[in-house]
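*Asks:* Would you mind keeping the following structure in view while I ask a few things?
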Amino acid sequence: MRWKTICFDLDNTLFSHEDAFEKAICFCFDTLLKAKNLQEGIDTKKLFTVFKKYSDVYWNDYETGVLSQTEYRRKRFLQTAAHFHFPFTYSEADDFHEHYYLVIDDFSEPYPQLSLLMENLAKANIKLGIITNGTADTQYNKINKLALNQWFSDDCILISEEVKVCKPNREIFDLAKKKLQSDGDYLFVGDSWDHDVIGAIEAGWDSIF
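When the letters of the sequence shown are read in order and numbered with our numbering, they come out as residues 303 to 511.
As structure tokens, this is what we get:
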């Protein structure tokens, strides 16, 4: 094989984060509304649609540091609550997200044939790594739930919060090269054109979208 090292993005590359995210958020809203006796006539799918809209609206502010993680989470939750005229507070927003992070891994499933792909790459003596944006505890929980550490050792996993640099910055790809120390070409596989494909190519890697 041409490449001696292949690194992967995590979310929506090795598993469907979107599916897990939707199922977990719907579960958490259902749990919360039942606890507050507010579930009558409420479709959690509609709640999710609004929640996802505000997640996207404020995402850039979070990524660029305008909003802290806590502020970002509160905004998307409370804007959703306001849309449905729920009188929720900061405390309930924090509790909601704490619940979400406790259960999200239960809804995460690897893509079909992922195991076969990784087994074949390992047999071909390809060095494997993960380069992902996100918080360390969240991303490691996903990696453990998906049993990815059987193919990816901890020293070959780069999480933006830990290494203090995010994709698409070249520095995170350069750091991966230093860690993996391959003498062949490098390939990066990811689902984001800007972060994964352009970022990798500008760092001198090949890339698959």
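Beta carbons are placed, not taken as given, at the ideal position from N, Cα and C, and that holds for glycine.
These numbers come from a predicted model, not from an experiment.
What span of residues does the beta strand (DSSP E) with F454 cover, start to end?
*Replies:* Counting along the chain, F454 falls outside any beta strand (DSSP E), and DSSP gives it neither H nor E.
*Asks:* I293 and G431 look like a contact to me (Cβ under 8 Å); what is the Cβ gap, rounded to whole Å?
*Replies:* This structure does not reach residue 293, given that the chain is present from 303 up to 511, and the question cannot be answered.
*Asks:* Is DSSP giving T391 helix, strand or coil here?
*Replies:* Of the three classes helix, strand and coil, the one that applies to T391 here is coil, per DSSP.
*Asks:* Closest to E373 by C-alpha separation, out of K355, D396, T351 and A384, would be which residue?
*Replies:* Out of K355, D396, T351 and A384, D396 has the C-alpha closest to the C-alpha of E373.
*Asks:* Give me the Cα-Cα distance between C330 and M303, rounded to the nearest whole angstrom.
*Replies:* Each residue's Cα considered, the two are about 45 Å apart.
*Asks:* Please classify W305: does DSSP put it in a helix, a strand, or coil?
*Replies:* Of the three classes helix, strand and coil, the one that applies to W305 here is strand, per DSSP.
*Asks:* Identify the residues that DSSP records as bridge partners of K354: which are they?
*Replies:* DSSP output for K354 lists no bridge partner at all.
*Asks:* Kindly indicate which residue of L369, T440 and I428 has the alpha-carbon position closest to the one of Y403.
*Replies:* Out of L369, T440 and I428, T440 has the C-alpha closest to the C-alpha of Y403.
*Asks:* Quick check on this structure: which residue in F317, R376 and W305 has the alpha carbon closest to the alpha carbon of G492?
*Replies:* For G492, the nearest C-alpha among the options comes from F317.
*Asks:* Taking three-plus beta-carbon pairs below 8 Å as touching, is the stretch 440-453 in contact with the stretch 476-489?
*Replies:* Result no; under three Cβ-Cβ pairs closer than 8 Å.
*Asks:* What separation, rounded to the nearest whole angstrom, lies between the Cα atoms of E394 and Q341?
*Replies:* When rounded, the distance between both Cα atoms is 16 Å.
*Asks:* Could you tell me the alpha carbon to alpha carbon distance between S410 and E365, rounded to whole angstroms?
*Replies:* Roughly 23 Å separates the two Cα atoms.
*Asks:* Please tell me whether Y360 and K377 are closer than 8 Å, where the distance is taken between their beta carbons.
*Replies:* Going by C-beta atoms, Y360 is nearer than 8 Å to K377.
*Asks:* Based on Cα-Cα distance, which residue from Q483, S455, D407 and T434 lies nearest to E463?
*Replies:* Nearest C-alpha to E463: T434.
*Asks:* Starting from F490, trace the beta strand (DSSP E) in both directions and tell me its first and last residue.
*Replies:* Looking at the DSSP string, the run of the beta strand (DSSP E) that includes F490 is D487 to V491.
*Asks:* Taking its Cβ as the centre, do 16 or more other Cβ atoms sit within 10 Å of G501, making it buried, or is it exposed?
*Replies:* It counts as buried.
*Asks:* Have a look at the DSSP bridge pairing and note the partners of G431.
*Replies:* Its beta-bridge partners are C309.
*Asks:* Under the assumption that I428 contacts T315 (Cβ atoms under 8 Å), give the Cβ distance between them as a whole number of angstroms.
*Replies:* Actually they do not touch by this definition, with Cβ atoms about 16 Å apart.
*Asks:* Are the CB atoms of F386 and L349 nearer to each other than 8 Å?
*Replies:* The answer is yes: Cβ separation under 8 Å.
*Asks:* Use the C-beta contact count for T351: other C-beta atoms within 10 angstroms, 16 or more gives buried, fewer gives exposed.
*Replies:* Answer is exposed; the Cβ neighbour count stays below 16.
*Asks:* Considering only residues of the same chain and omitting the five flanking positions on each side of A520, which have a CB-CB separation below 7 Å?
*Replies:* A question about residue 520 goes unanswered here, because the residues of the chain that appear run from 303 up to 511.
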